[in-house]
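To start, the structure itself, in structure tokens.
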Amino acid sequence: MTRRLTVLSALAALLALPAGCAGGGSDPPQLQVNADDEQALEKLGFPVAASRNTTRIGGGDAAADAAGAATAVFPSTSDRTRPSAVVIVGEEDWQGAVAAAALASAPIRAPILLSGSEELPPVSAQAMERLEPKGAKLARGAQVIRVGDVPSPAPELRTGRLQGKDPYETAAAVDRFATSARGEPSDNVVVASGERPEFAMPAAAWAAYSGDSVLLTAKDRVPEATKKALAAHERPNIYLLGPQSVITPGAEKELAKLGTVRRVGAPNPVQNAVEFARFEQGGFGWGIKVPG
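Numbering (this note's numbering), first residue to last: 364 to 655.
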């Protein structure tokens, strides 16, 4: 459940991104649709409003929810509503999903689909066929951006790969690609746990909304890949997500050598997410002070 929620947080902000025209059929969407259902995408339909400021996607697993979010933002009924590229992340790779969330923002604006170790589940394959990505000029014409060790969805699609030998290097590879596409490094960087998905989860939605890079750290030390990536940002604002029990003061001290650090967090995952939602500093943060 934790892995699924973390992956979904990488998709949540996508529904707030502009996608031109959006619409669905006359039949209501079905709930708990699974990724291996051959008609999964059709059954999902268009997400429905669950409350004044929330939208419900009726997938029965993370891959189905990802496909539902992607085709809601990019209904692909015309060239204008097709994405330039699609990001593919492994179903078990929560670290890759968190880091790749930044690619959902400008200038790439790529939806995220999930893949198995050998092939895309039917719902992801159906979504890819419907999305028919045009090719991102900022990614040398790539239609698919594979994050980590995932298979190519189709031989006819132009693909690029962002990968490292561990999750920290992969997150740094995503950051370098985002910097290249943007033309400059982001002023703000979220550093989250590479070991505790329940505490890293809130970073993904913010990255998808803002485009700010997400880099990862171990509990007691900052990996070299993360240090090198932060150095390239030239002393950014570093927002350290999580309590001291998840990322220690020793790691925080290492980060302080590379930028201005502000810790945002709370002792348990729920409070941690709430604190991050409430936080705001300058142009960073949701700043949600009132519930509802």
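Even for Gly, the Cβ is constructed at its ideal location relative to N, Cα and C. The model shown is predicted, which means the values in this text are computed figures rather than measured ones.
**Message:** Restricting to Cα atoms, I'd like to know which of Arg493, Arg509, Ile601 is closest to Arg445.
**Reply:** Arg493
**Request:** Closer than 6 Å by C-beta to Ile601: which residues in its own chain qualify, once you throw out the five before and the five after it? Chain order, please.
**Result:** Val552, Val554, Leu618, Gly622, Val624
**Asked** Pro654: buried (16+ other C-beta within 10 angstroms of its C-beta) or exposed?
**Response** exposed
**Request:** Would you identify the three-state DSSP class for Gln644, choosing helix, strand or coil?
**Result:** strand
**Message:** With H, G and I counted as helix, E and B as strand and the rest as coil, what does DSSP make of Val609?
**Reply:** coil
**Message:** Under DSSP, the alpha helix (DSSP H) around Ala536 begins and ends at which residues?
**Reply:** Unbroken alpha helix (DSSP H) run through Ala536: 530-545.
**Asked** Can you tell me the Cα-Cα spacing of Gly648 and Pro485, whole angstroms?
**Response** Their Cα atoms are separated by approximately 36 Å.
**Residues sharing a beta bridge with Ser576, DSSP** = Val552
**Request:** Compare the C-alpha of Val507 against each of Ala427, Ala535, Ser478 and name the closest.
**Result:** Ser478
**Cβ contact (3+ pairs, closer than 8 Å) linking the region 527-545 and the region 561-578** = yes
**Request:** Give every residue of the same chain whose Cβ lies closer than 8 Å to the Cβ of Phe437, excluding the five residues on either side of it in the sequence, and list them in chain order.
**Result:** Ala382, Thr444, Arg445, Pro446, Pro474, Leu494
**Message:** Is the separation between the beta-carbon of Gly605 and that of Gln458 shorter than 8 Å?
**Reply:** no
**Asked** Between the C-alpha atoms of Ala448 and Glu482, what's the straight-line distance to the nearest angstrom?
**Response** Looking at the two C-alpha atoms, the distance is approximately 18 Å.
**Request:** Could you please give me the residues that DSSP links to Thr440 through a beta bridge?
**Result:** In DSSP, Thr440 forms no bridge with anything.
**Proximal residues to Leu520 (C-beta, below 6 Å), its chain only, five neighbours per side dropped** = Gln506, Val507
**Prompt:** So is Gly650 buried or exposed if we call it buried at 16+ other beta carbons inside 10 Å?
**Reply:** Around the beta carbon of Gly650, fewer than 16 other beta carbons sit within 10 angstroms, so the residue counts as exposed.
**Item:** Pro518 burial status per 10 Å Cβ neighbour count (16 or more: buried)
**Value:** When all chains shown are included, Pro518 counts as exposed.
**Message:** My assumption, with CB atoms under 8 Å, is that Leu501 sits in contact with Ala433. Please give the rounded CB distance.
**Reply:** At roughly 19 Å, the Cβ-Cβ gap does not stay under 8 Å, so Leu501 and Ala433 are not in contact.
**Item:** For Thr440 and Glu615, the rounded distance between their alpha carbons
**Value:** 47 Å
**Request:** Following the continuous alpha helix (DSSP H) through Ser478, name the residue where it begins and the one where it ends.
**Result:** Unbroken run through Ser478 is the beta strand (DSSP E), 475-478; no alpha helix (DSSP H).
**Request:** Can you check DSSP and say which residues form a bridge with Ile451?
**Result:** Ile451 is bridged to Leu476, Arg509.
**Message:** I need the straight-line Cα distance from Ala426 to Pro612, nearest angstrom please.
**Reply:** Near 36 Å, if we compare the C-alpha coordinates of Pro612 and Ala426.
**Item:** Whole-angstrom distance between Arg509 and Val452, CA atom to CA atom
**Value:** 6 Å
**Request:** Determine whether the Cβ of Pro654 lies closer than 8 Å to any Cβ atom of chain C.
**Result:** Here there is only one protein chain, and chain C is not present.
**Rounded separation between Gly546 and His596 - CA only** = Each residue's Cα considered, the two are about 12 Å apart.
**Request:** Measuring alpha carbon to alpha carbon, tell me which of Ala435, Ser543, Leu603, Gln644 ends up nearest Met491.
**Result:** Ala435
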